[in-house]
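Everything below concerns the one structure shown next.
Numbering (this note's numbering), first residue to last: 181 to 312.
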């Protein structure tokens, strides 16, 4: 029963604020493709807040837009941090990050196998010409 009350409150706030929050996010986003992700995070946060406390005495539209502003800052600061990671940065032991990444690909073996397959294919092609 209580989840129905939260859902009803959420639906009402969502309907009242959606267009304004969407405009705010579109105007403040760097990439239009990020808008849906940020919008979803805003309303997920709002739903969590509605479950914890009563928001009757506040301007709900301003409140949701402030959540959106915080989500935009957080979203783009994370993207900025991730884009600044270099595979050639060194740790305290002077080892580059690229040297720490484990790989299971043996390039030499792949090249040798490819060479072998080409030899086998040529052998089969030439043998089939001689068979009558």
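Yeah, the Cβ is synthetic: ideal placement off N, Cα and C, and Gly gets one too. Small disclaimer: the values here were computed from a predicted structure and weren't measured.
Under the three-state reduction of DSSP output, residue 254 falls in the helix class. The beta carbon of residue 270 sits closer than 7 Å to those of 276, all from its chain and outside the five residues before and after it, given in chain order.
The Cβ-Cβ distance between residue 238 and residue 204 does not fall below 8 Å. In this structure, 190 is the residue among 233, 190 and 298 with its C-alpha nearest to the C-alpha of residue 222.
Note: residue 270 is bridge-paired with 276 in the DSSP secondary-structure output.
With a cutoff of 8 Å on beta-carbon distance, residue 249 and residue 201 are scored as not near each other.
Within the model, the alpha-carbon separation for residue 282 versus residue 228 is close to 39 Å. Here the C-alpha atom of residue 216 lies approximately 41 Å from the C-alpha atom of residue 286.
Closest in C-alpha terms to residue 233, from the list 194, 186 and 257, comes 186.
In the DSSP annotation of this structure, the continuous segment of the alpha helix (DSSP H) that includes residue 217 starts and ends at 215-232.
Per DSSP, reduced to three states, the secondary structure at residue 285 is coil, with no helix or strand assignment. If you ignore the 5 residues before and after residue 252, its C-beta comes within less than 8 Å of the C-beta of 205, 208, 209 and 218, all in its own chain and listed in chain order. Under the three-state reduction of DSSP, residue 205 is assigned to helix.
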